[in-house]
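Asks: With the UniProt record's numbering, letter number 343 in the sequence shown gets 343, and the count goes up by one each step, no holes.
One structure, as structure tokens, below. Some questions next.
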Amino acid sequence: MAGGAAGALLVLLGPEADGEDGRAGGRAGASPSGSVPSARLVAAAGVDKRGTDDRSGVVPQHAAQRPEGWKPWRGKLGHAPMDCAADTRAVVCLLTNGTYAALGAADGKRLWASDGRTGTDDGTGGEAYISPSGKLFMPGDSLVPAVRGGTAVVAHEGRLQVRDSRSGAVRWSADPPDGRYFTRPVIGDGLLLVAAEAERSDDSAGTARGVDLMAYALKDGAPRWRAPLTTDELAGAEWHGRYGPELVRHGRVYADAKEGLVALDVRTGRRVGGAYDKTQCRSVMAVGTHILCPSVVTGASGFGDATEEPQTRVTRLDAATFAPQGAFGLQAPPVDAGGNVPPDVVVSAVGPKTAVAYDVQRRSLLVAETGKGRVTRRAPLTVVDDQVARTVSSPPLLVGDRALTADNTTLRTVPLTAAGQVRSLRVPGAPGNRAPQHGDDLGTVVADHLRPPTVLPLGGVATIVYDQGTVVSVRIPS
């Protein structure tokens, strides 16, 4: 990508440009991109399960971002995926065994792999697992891949690597600072931003100290700046990526820090203003001139513009000052007769006028107005019983004038209005629902549990990565 132009380009191409929700020609399929050169669109192309680099879940579809020579395809990763991202050249996945695999975005053929496992990984049993206390343990590498415009960011034996996304050729690499490891890479404004978290201590306290945010030049890896996000010892719940960069917008890096949500000058790393600490943001999104903070309200609130009923609330913050500028909320499901608290409603995508969310308890995809949160449409989501109720439908994204989601058999687009029909495509080669596997281990082996697929939409094409490693790429129903 070409310096700060990529960030500005995505603002230009995003939903704010025409005042509609994710609309690029108004349909879920790819649309012409007007006067924007194709090369610039390709340089800006990159998507993961949360959407593009504004993290809003809105993914405009431009014909120029369809992989060159694309035809529908089915491929295999060779192992269960952990996290995936894609550009117009490659689909790159971190696997649950701590390795990486890349498939061609146009044809699904294997491109390259990276295996950074060492002899010190034996304690994990060769698979990612979550301990009874909620800590993630992985063999090999655990850095979530970031992919955009021909560049892939991965790790190898703990080193940060920037590669050509198609060939896998290493352009540059960097060692973590002594006693630290890398988490949460973000590409923006010509920089690679990554958190450097202190390693876990071997002492009985089981604590680590400090997380720094580090900035490198994306082109050549030249260090730019380093800024602390916390210098405190980390509790167990703070390990492995609790603090780190979220997104780059408005000349600022927005990051999770000990004090709350903070902004740093993208050029210098200096803090800009104070922290937003009114609530814990479950995610961070950029929509227009606002930064959005979805959070869970359990019955009490200091905001005067929203109710105090239990809900998932999305607060609009001024991008420069973090001053709240309104909010909308989606009512929480009721506690059942046995007193069990249901899963929270999760807001997965927000445009200027419309938000989409999922409600596991009610087995529903929700379409809501962003003014007051009025739900205008519900559509079914696939939920299975795997010790607890678990959705196997992907978090919905906003694609054109529809919400996009997939389960283990079907890709669906849901209109953002009360009228209109859901369009469904039975995905050829989709694996279908499988029986959950439960071992005798006290922890949770990630690959054994049922997980929703990851949907990666670009150029009117949806590449769907299923939880055991099957990958299928099809046209988006429009």
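By construction, the Cβ of each residue, glycine as well, lies at the ideal position given by its N, Cα and C atoms.
Just so you know, these numbers come straight off a predicted model, no measurement behind them.
#1: Just to confirm before moving on: does the CB-CB distance between residue 488 and K219 stay below 9 angstroms?
#2: Where in the stretch 192-276 do unbroken runs of the beta strand (DSSP E), each at least 3 residues long, occur, reported from the N-terminal end onward?
#3: Whose C-beta lies closer than 8 angstroms to the C-beta of residue 559 among residues of the same chain, with five residues either side of it excluded?
#4: Could you tell me which uninterrupted beta strand (DSSP E) segments, each at least 3 residues in length, are contained entirely in the stretch 58-122, listed from first to last along the chain?
#5: A447 and A128 - do their beta-carbons sit closer together than 9 angstroms?
#6: Measuring alpha carbon to alpha carbon, tell me which residue in V341, L365, S393 is nearest V347.
#7: Could you give the C-beta distance for L261 and V287, rounded to a whole number, given that I count them as a contact under 8 angstroms?
#8: Note down the Cα distance separating A64 from G459, rounded to an integer number of angstroms.
#9: CA-CA distance, Y276 and G57?
#10: Are P257 and R226 touching if we call contact CB-CB under 9 angstroms?
#11: To the nearest angstrom, report how far apart R117 and T99 are at their CA atoms.
#12: Indicate whether R148 and A45 have their beta-carbon atoms separated by less than 9 angstroms.
#13: I need the DSSP call for G469, collapsed to helix, strand or coil.
#14: Are the stretch 417-429 and the stretch 388-397 in contact at 8 angstroms, needing three or more beta carbon pairs?
#15: Under the rule that 16 or more other beta-carbon atoms within 10 Å means buried, what is P452, buried or exposed?
#16: Excluding the five sequence neighbours on either side, which residues of its own chain have a C-beta within less than 6 angstroms of the C-beta of S424, listed in chain order?
#17: Under three-state DSSP, which class holds T124?
#18: Beta carbon of G29, beta carbon of S473: below 9 angstroms?
#19: Enumerate in chain order the residues of its own chain whose CB-to-CB distance from S38 is below 7 angstroms, with the five nearest sequence positions on each side excluded.
#20: Residue 480 lies in the beta strand (DSSP E); which residues open and close that run?
#21: Taking C-alpha atoms, which residue in M214, V272, R282 lies nearest to R242?
#22: What's the gap between the Cα of I476 and the Cα of R66?
#23: When the Cα atoms are used, what is the spatial distance from L456 to H438?
#24: Just to confirm the assignment, what range does the beta strand (DSSP E) spanning S38 have?
#25: For M138, write down the residues that DSSP places opposite it in a beta bridge.
#26: What would DSSP say about D448, mapped onto helix, strand or coil?
#27: Hey, how far is the Cα of P343 from the Cα of P223?
#28: Can you have a look at Q280 and say buried or exposed, based on whether 16 or more other CB atoms are within 10 angstroms of its CB?
#29: Since F182 is in the beta strand (DSSP E), which residue starts that stretch and which ends it?
#30: Is A355 helix, strand or coil when you go by DSSP?
#31: Near A24, which residues of its chain fall below 7 angstroms by C-beta distance, leaving aside the five closest residues on each side in sequence?
#32: How would you write the range of the beta strand (DSSP E) that G326 sits in, first residue to last?
#33: Should Q311 be labelled buried (16 or more other beta-carbon atoms within 10 Å of its own) or exposed?
#34: Please classify C281: does DSSP put it in a helix, a strand, or coil?
#35: Please give the ranges of any beta strand (DSSP E) in the stretch 383-449, keeping only runs that are unbroken, at least 3 residues long and fully inside the region.
#36: Give the straight-line distance between the Cα atoms of V445 and L95, rounded to the nearest whole angstrom.
Replies: Taking the geometry as given:
#1: Residue 488 is absent from the structure shown; the chain starts at 1 and stops at 478.
#2: Whole beta strand (DSSP E) segments, 3+ residues: 208-217, 223-234, 244-249, 252-257, 260-265.
#3: Nothing in the structure corresponds to residue 559, since the chain is present only between 1 and 478.
#4: 73-76, 81-86, 90-95, 99-104, 110-115
#5: It is a contact, given that the beta carbons lie within the stated cut-off.
#6: L365
#7: That pair is no contact at about 15 angstroms.
#8: 6 angstroms
#9: 22 angstroms
#10: It is worth fixing the name first, because residue 257 is Ala in this sequence and not Pro. No, the Cβ-Cβ distance between A257 and R226 is not below 9 angstroms.
#11: 7 angstroms
#12: yes
#13: coil
#14: no
#15: buried
#16: T410, R412
#17: helix
#18: no
#19: A64
#20: No information on residue 480 is available, as it lies outside the stretch 1 to 478 that the chain covers here.
#21: R282
#22: In this model, I476 and R66 are separated by some 12 angstroms (Cα to Cα).
#23: Rounded to the nearest angstrom, the two C-alpha atoms are 29 angstroms apart.
#24: Here S38 belongs to no beta strand (DSSP E); instead the alpha helix (DSSP H) covers 38-44.
#25: M138 is not bridged to any residue.
#26: It is helical.
#27: Taking the straight line from one Cα to the other gives about 42 angstroms.
#28: Taking all protein chains in view, the Cβ of Q280 is surrounded by fewer than 16 other Cβ atoms within 10 Å, so the residue is classified as exposed.
#29: 180-188
#30: Here A355 sits in strand by DSSP.
#31: Legend: pLDDT at A24 = 43, less than 50; position of this residue unreliable, no value from coordinates given.
#32: Per DSSP, G326 is one residue of the beta strand (DSSP E) stretching across 324-331.
#33: buried
#34: coil
#35: Taking only runs of at least 3 residues, the beta strand (DSSP E) segments lying wholly in the stretch 383-449 are 383-386, 388-391, 397-399, 402-406, 410-415, 423-426.
#36: So the two alpha carbons sit approximately 13 angstroms from each other.
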